[in-house]
Structure formats: structure tokens, C-alpha cells
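Trainee: Quick one: the structure is below, and I'll ask about it shortly.
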Amino acid sequence: MGQVEERIAEFILETSPESIPEECYRVARDGCFDCVGVMLAGAAEPHGRIIADFVRREGAAGPCTVAGTDIRTAPAMAALANGTLAHALDYDDMGGFGHPSAVLLPAALSIAELNGTSGRELLAAYIIGFEVACHLSRGTNYIQGERGFHSTAVFGTLGAAAAACRLLGLSRRQTVMALGIAASTPSGVLQNFGTHTKPLHAGMAARNGVMAALLARDGWLSSPDAVAGPIGWAMAYLGEGRYDTRAMVRDLGRVWLTRERIVIKKYPCCGSNHSALDSLLGLMREYGFTADDVEEVEVYGLPGIAHVLLYPEPEYAFQGKFSINYCVATALVDGRVDIESFRDEKLARPELKEALRKVEIKVVPKWSPDYAHHPAQTPVTVRLKDGRVLSRATNRHTMRGSVTNPLTPEELKAKFRSNALKSLPEARVERAVELWWSLPDLTDLREATAEIRAEVRE
Numbered sequence: 011m012g013q014v015e016e017r018i019a020e021f022i023l024e025t026s027p028e029s030i031p032e033e034c035y036r037v038a039r040d041g042c043f044d045c046v047g048v049m050l051a052g053a054a055e056p057h058g059r060i061i062a063d064f065v066r067r068e069g070a071a072g073p074c075t076v077a078g079t080d081i082r083t084a085p086a087m088a089a090l091a092n093g094t095l096a097h098a099l100d101y102d103d104m105g106g107f108g109h110p111s112a113v114l115l116p117a118a119l120s121i122a123e124l125n126g127t128s129g130r131e132l133l134a135a136y137i138i139g140f141e142v143a144c145h146l147s148r149g150t151n152y153i154q155g156e157r158g159f160h161s162t163a164v165f166g167t168l169g170a171a172a173a174a175c176r177l178l179g180l181s182r183r184q185t186v187m188a189l190g191i192a193a194s195t196p197s198g199v200l201q202n203f204g205t206h207t208k209p210l211h212a213g214m215a216a217r218n219g220v221m222a223a224l225l226a227r228d229g230w231l232s233s234p235d236a237v238a239g240p241i242g243w244a245m246a247y248l249g250e251g252r253y254d255t256r257a258m259v260r261d262l263g264r265v266w267l268t269r270e271r272i273v274i275k276k277y278p279c280c281g282s283n284h285s286a287l288d289s290l291l292g293l294m295r296e297y298g299f300t301a302d303d304v305e306e307v308e309v310y311g312l313p314g315i316a317h318v319l320l321y322p323e324p325e326y327a328f329q330g331k332f333s334i335n336y337c338v339a340t341a342l343v344d345g346r347v348d349i350e351s352f353r354d355e356k357l358a359r360p361e362l363k364e365a366l367r368k369v370e371i372k373v374v375p376k377w378s379p380d381y382a383h384h385p386a387q388t389p390v391t392v393r394l395k396d397g398r399v400l401s402r403a404t405n406r407h408t409m410r411g412s413v414t415n416p417l418t419p420e421e422l423k424a425k426f427r428s429n430a431l432k433s434l435p436e437a438r439v440e441r442a443v444e445l446w447w448s449l450p451d452l453t454d455l456r457e458a459t460a461e462i463r464a465e466v467r468e
């Protein structure tokens, strides 16, 4: 077996729940709690209904819940649906290697429902999956836009496989085989950002991780060197000279990244918009100006911003999730950015079109004088018609929802309720809040999944 694959398998199977720092469990609980809420919101969207109907039609009957529906299906198909629903609105968390919870929770949840796993066991598997995917990512100098692959799928598939292997209790050899199977399945191209296919990247990563673990359990074979071998996953997806196999596993189990890498979203759009939105909305609250008072808004960003924020002039509102121009214009006009901001009727408003003309994006080299004092930030400068010039910069490490500036428990629960009410009646929502917030204490996860199913269709 390959040394990298063997070390990952050892970490997956031999890490005791007690050795995982308690702070990781809290962060993982928050991520899973939030993810369930955004799944329920995604289930109410047109493309959420399409993926649910696809699974209803094409999937086998099974024990696994598809959130916000009455569907019970097989594990891999449940992971596909729930991962897609979780990412449907781009309202799920981010950090580490992309969008962790939208991949890891659906994968772990499908096996947990199969086995009747406890909440703490689910969280341990989630953490294991996160650590595997994040350390693989940390061992690279991979720049997402250069090759066109979506990192959520590239790294998340292996993280999902790790979580599923953990919950299935596979042997070390089976786990190495599962990693090898998973290594052949990632995809997801950046060109599909701003379309319904981007959420599918998360769903496919979750499904492929579960599929890999289940196939390995049943005796399916793969190369034991498929992750780090000379023509394996790392070479194919990351590229020659872009990774260090020793760094990928050197700190596994020693440096715990879960507690510092998950950002829970305040806005339902690409995370590359968030620091600019925090800055702009903060200025609007502090100085009391509106869109009518603004002459121009300048937003500064690194060159890589163009790889994910593809639509300076979105043709339909869903593209606006990947348009810093649209997000800033919406914040100017409405004083907020929420799920309803990304409806086509919102884009069609004359006042929104007018605000879009006021937004200018300035892409600057990483270490230019304009940007040197704003590392990892998206500075915003607002020029008002009365001559005032207001500036603010918020970085991805300090923006709302980050580990250093987290949403409060009350904010997390309010977000969950707002999302869940799109698919469930209020009484069920309150019970779901209670159970999913208490996830570490549940003896059988199926008690919580029962509360996120919709009523049976007539």
C-alpha cells in the first residue's frame, strides 16, 4: 500500500473519539446544524425539487432521508440529493477545502441512518472527513482557477469517503481501496458556477464518497497508490509540482483544522462576496446613506476573484450569487442580501440596474501598494454625492460567520428557522431545532432525521 493512503486509513480508523479536541465537536455541531437548515431551504427551490424527483424516480427504496421531502432511499442516492440541496442556494458553510458540510454531512448522514449511529459518532466521522480533505488541500499550492476544477469536489470526495469508511467500520485494506475508488471520481468545473450544476458538485462528491466506501466494503478493488501515486489523484487534479505528499499527511491527528477553518455564511451567495458585503453594509449602518446618495462603489480584489465571480452583468439572478457587482448593488438598494435577493424579478428592477452601474471592481496584484495592507481582504470604497469618501476592509478571517467572529447561537438558530420553514411546518421546525442543536447528545441519529422529512405526498 502507498504510504500516504496507508497513513490516511490509519487516521480514519484508529483515531479515538476522545482524542479529538472538544472544540472540534462544537464547530462540527454548528456546521451540521446550519447545513440541515440550508438543505431544507434548498428542498423548496425549483432545482431542489428536480434533484429530489430524480432520486425518487431513479433511486432504490432505502432507509435514508432526503431532507424536506417524504423520500426514503438508498445511502448513495440520499447523499447525492442532500449534498445538492445543501449547496443549492450557496448558503452552506465554507472553509478549508471549499464547502465542507455540504459534502461531509450528507455522506455521513446516509451511513448513520443505515446503522443507527449516535450523534457524537456522526460528528467524529464528520471531523475525520474534514481533517482528511483539509490536510490534503493544505499539502498543495493548488490554485482553484488554474485548472478549472472545483476544490469542493476535488478534496471533498476523499473527505466524504473517509467519513463513510469511519462509520462503516471498514478494515484498513478496505479503507485504502475506498480511497482509491474515490480518487477516480471527483469532478466539478468552475465554468458551471452560477448554474444549478454547481450544487451538483457537492452532491456528487458526497455520493461518490459513499459509493466508494460501500463498494470497498463489498470487495471492490482499486490501486493502493491511487491518491498519491505518480499517475494518481494528486497528479491528475493538482498537477505536477503542485503538491507535497508528505505535507498532506504529516500533521494528521496532530494539528486539528476543524476548529479554525469553517465559516458559516451570513449571506446566500459565493463566499468571495462576503467580506465586501460586511464592509458595505457596515458603512451603510454607520453613516446612514442609501443607493441614491452614492456616486460610485469601488471594490478591490485579487486576480483569482475572476475565477469564481464570473458574472459582472448577470443575465439571471442565480448568476448574481457569483457576481460581486450584483451583490454589492443589491446591498445598496435593499440594505440586505438574503435568499429573496436572487430572484429574477429582483434583477429586473430599474433601481437595481442603476445601482449596478455604480459598482466598479478593481483587480490588483497580491502585493501592490493598494493591497499590501489588506491581505485576504476585499476593501470597499464608497464615494458619496456630497463628496465624502468612506472606506472599510474586512477579511475572510474576521468577517461575520468566521471562527474569530462567529454567528451567535441565536443567529444560527434564527437562520435555521428561516430556512427550515420553507419546507416544514413551524411545530416541526422547533422540534428540529431542538434535536439538531443537541446533536452530540443523541443516541440514535434517526430521531433527528425523522423531523426533517416532509409529509407523505398524496
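Our numbering runs 10 ahead of the 1-based position in the sequence shown.
Every residue gets a Cβ at the ideal spot worked out from N, C-alpha and C, and that includes glycine.
When you compare only the Cα positions, how much space is there between residue 88 and residue 293?
Mentor: Counting from 1 along the sequence shown, the entry for residue 88 is found at position 78. Counting from 1 along the sequence shown, the entry for residue 293 is found at position 283. The alpha-carbon atoms of residue 88 and residue 293 are separated by roughly 43 angstroms.
Trainee: Spell out a yes or no on whether the stretch 400–412 and the stretch 281–289 are touching, meaning 3 or more CB-CB pairs, one atom from each, closer than 8 angstroms.
Mentor: Yes, since at least three Cβ pairs between the stretch 400–412 and the stretch 281–289 fall closer than 8 angstroms, the two stretches touch.
Trainee: Verify whether the separation of the beta carbon atoms of residue 165 and residue 143 is less than 8 angstroms.
Mentor: The count along the sequence shown starts at 1 and reaches residue 165 at position 155. The count along the sequence shown starts at 1 and reaches residue 143 at position 133. Yes, the Cβ-Cβ distance between residue 165 and residue 143 is below 8 angstroms.
Trainee: For residue 350 and residue 194, what's the separation of their Cα atoms in angstroms?
Mentor: Mapped onto the sequence shown, residue 350 falls at position 340. Mapped onto the sequence shown, residue 194 falls at position 184. Answer to the nearest angstrom: the Cα atoms are 38 angstroms apart.
Trainee: Put residue 276 into one of helix, strand or coil per three-state DSSP.
Mentor: The residue you call residue 276 lines up with position 266 of the sequence shown. In the structure shown, residue 276 sits in coil (DSSP, three-state: anything other than H, G, I, E or B).
Trainee: Please report the Cβ distance between residue 134 and residue 27, rounded to the nearest whole angstrom; I am assuming they are in contact, meaning their Cβ atoms lie under 8 angstroms.
Mentor: Numbered from its first residue, the sequence shown carries residue 134 at position 124. Numbered from its first residue, the sequence shown carries residue 27 at position 17. Contact holds; Cβ gap of about 5 angstroms.
Trainee: With DSSP as the reference, label residue 30 as helix, strand or coil.
Mentor: For the purposes of this step, residue 30 is taken as residue 20 along the sequence shown, with counting starting at 1. Here residue 30 sits in coil by DSSP.
Trainee: At which residues does the alpha helix (DSSP H) containing residue 176 begin and terminate?
Mentor: Counting from 1 along the sequence shown, the entry for residue 176 is found at position 166. Start and end: 161–178.
Trainee: Between the alpha carbons of residue 379 and residue 371, how many angstroms are there, rounded?
Mentor: Numbered from its first residue, the sequence shown carries residue 379 at position 369. Numbered from its first residue, the sequence shown carries residue 371 at position 361. Model confidence at residue 379 stands at a pLDDT of 46, short of 50, so the residue's coordinates are unreliable; what they give is reported in the following sentence. Going from the Cα of residue 379 to the Cα of residue 371 covers about 17 angstroms.
Trainee: If you pair each beta-carbon of the stretch 237–248 with each one of the stretch 121–136, do three or more pairs fall below 8 angstroms?
Mentor: The answer is no - the stretch 121–136 does not touch the stretch 237–248, with fewer than three Cβ pairs under 8 angstroms.
Trainee: Tell whether a beta-carbon distance below 8 angstroms holds between residue 45 and residue 111.
Mentor: Here residue 45 is taken as the residue at index 35 of the sequence shown, counted from 1. Here residue 111 is taken as the residue at index 101 of the sequence shown, counted from 1. Cβ atoms of residue 45 and residue 111: closer than 8 angstroms.
Trainee: If you check the beta carbons only, do residue 278 and residue 99 fall under 8 angstroms apart?
Mentor: Here residue 278 is taken as the residue at index 268 of the sequence shown, counted from 1. Here residue 99 is taken as the residue at index 89 of the sequence shown, counted from 1. Result yes, Cβ atoms of residue 278 and residue 99 sit closer than 8 angstroms.
Trainee: Start and end of the beta strand (DSSP E) containing residue 371?
Mentor: Translated into positions along the sequence shown, residue 371 becomes position 361. That run of the beta strand (DSSP E) goes 369–373.
Trainee: Spell out a yes or no on whether the stretch 57–75 and the stretch 33–43 are touching, meaning 3 or more CB-CB pairs, one atom from each, closer than 8 angstroms.
Mentor: Segments in contact, no.
Trainee: Who are the near neighbours of residue 104 in its chain, counting only those whose CB is closer than 6 angstroms to its CB and skipping five residues on each side?
Mentor: Within the sequence shown, the letter at position 94 stands for residue 104. These residues qualify, in order along the chain: 273, 281.
Trainee: Can you list, in chain order, the residues of its chain whose CB lies under 7 angstroms from that of residue 122, leaving out five sequence neighbours each side?
Mentor: Your numbering for residue 122 matches position 112 in the sequence shown. Cβ within range, chain order: 132, 177, 455.
Trainee: With DSSP as the reference, please indicate the residues paired to residue 393 in a beta bridge.
Mentor: If you number the sequence shown from 1, residue 393 lands on position 383. Its beta-bridge partners are 306, 399.
Trainee: Rank 322, 307, 462, 317 by C-alpha distance to the C-alpha of residue 389 and give the top, closest one.
Mentor: For the purposes of this step, residue 389 is identified with residue 379 of the sequence shown, where counting begins at 1. The option with the nearest alpha carbon to residue 389 is 307.
Trainee: Would you say residue 27 faces chain D, with C-beta separation under 8 angstroms as the test?
Mentor: You won't find chain D in this structure, because it holds only one protein chain.
Trainee: Nearest CA to the CA of residue 474: which residue from 260, 243, 212, 422?
Mentor: Because the chain spans 11 through 468 in this model, residue 474 falls outside it and cannot be assessed.
Trainee: With a threshold of 16 other CB atoms inside 10 Å of the CB of residue 80, please say whether the residue is buried or exposed.
Mentor: As a first step, residue 80 is located in the sequence shown; it is residue number 70 there, counting from the start. Label assigned to residue 80: exposed.
Trainee: With a cut-off of 8 angstroms, do at least 3 Cβ pairs link the stretch 417–428 to the stretch 296–304?
Mentor: The stretch 417–428 is not in contact with the stretch 296–304.
Trainee: For residue 252, name the three-state secondary structure that DSSP assigns.
Mentor: As a working note, residue 252 is residue 242 in the sequence shown. Reduced to three states, the DSSP call for residue 252 is coil.
Trainee: Below 7 angstroms, is the gap between the Cβ of residue 17 and the nearest heavy atom of the ligand GDP?
Mentor: Of the ligands one can find in the structure shown there are none, so the ligand GDP has no counterpart to examine.
Trainee: For residue 418, count neighbouring Cβ atoms within 10 angstroms of its own Cβ and tell me buried if that reaches 16, exposed if not.
Mentor: Translated into the one-based positions of the sequence shown, residue 418 becomes position 408. Answer is exposed; the Cβ neighbour count stays below 16.
Trainee: Ignore the nearest five residues each way along the sequence and tell me which others in residue 17's own chain have a CB closer than 7 angstroms to its CB.
Mentor: Stepping through the sequence shown from its first residue, residue 17 is reached at position 7. Same-chain partners within the cutoff: 259, 262.
Trainee: Based on the DSSP secondary-structure assignment, which residues constitute the bridge partners of residue 74?
Mentor: Looking up residue 74 in the sequence shown gives position 64. 83, per the DSSP bridge assignment.
Trainee: Short of 7 angstroms in beta carbon distance, which residues of its chain neighbour residue 332, apart from the five on each side in sequence? Order them along the chain.
Mentor: For the purposes of this step, residue 332 is taken as residue 322 along the sequence shown, with counting starting at 1. Within the same chain, residue 332 has close Cβ partners 203, 204, 280, 318, 319, 320, 321.
Trainee: If you count every other CB in all the chains shown that lies within 10 Å of the CB of residue 290, and 16 or more means buried, which is it?
Mentor: What you label residue 290 is simply residue 280 of the sequence shown in a count that begins at 1. Buried, by the Cβ-count rule.
Trainee: Please list the terminal residues of the continuous alpha helix (DSSP H) segment that includes residue 5.
Mentor: Lying before the first or after the last residue shown, residue 5 is absent from the chain, which here runs from 11 to 468.
Trainee: State yes or no: is the C-beta of residue 95 within less than 8 angstroms of the C-beta of residue 58?
Mentor: The residue labelled residue 95 in the question sits at position 85 within the sequence shown. The residue labelled residue 58 in the question sits at position 48 within the sequence shown. It is a contact, given that the beta carbons lie within the stated cut-off.
Trainee: Please state if the CB of residue 220 and the CB of residue 172 are separated by a distance shorter than 8 angstroms.
Mentor: Walking along the sequence shown from the start, residue 172 turns up at place 162. Walking along the sequence shown from the start, residue 220 turns up at place 210. Not a contact, by the Cβ cut-off of 8 angstroms.
Trainee: Would residue 301 and residue 343 be called neighbours here (beta carbons separated by less than 8 angstroms)?
Mentor: Start at 1 with the first residue of the sequence shown, and residue 301 comes out as number 291. Start at 1 with the first residue of the sequence shown, and residue 343 comes out as number 333. Taking 8 angstroms as the Cβ cut-off, residue 301 and residue 343 qualify as a contacting pair.
Trainee: Helix, strand or coil, according to DSSP, for residue 412 in the structure here?
Mentor: For the purposes of this step, residue 412 is taken as the residue at position 402 of the sequence shown. Residue state, collapsed to three classes: strand.
Trainee: Going by DSSP in three states, residue 199 sits in which element: helix, strand or coil?
Mentor: The residue given as residue 199 occupies position 189 in the sequence shown. Strand.
Trainee: In terms of residue numbering, what span does the alpha helix (DSSP H) encompassing residue 286 cover?
Mentor: The residue labelled residue 286 in the question sits at position 276 within the sequence shown. Looking at the DSSP string, the run of the alpha helix (DSSP H) that includes residue 286 is 284–297.
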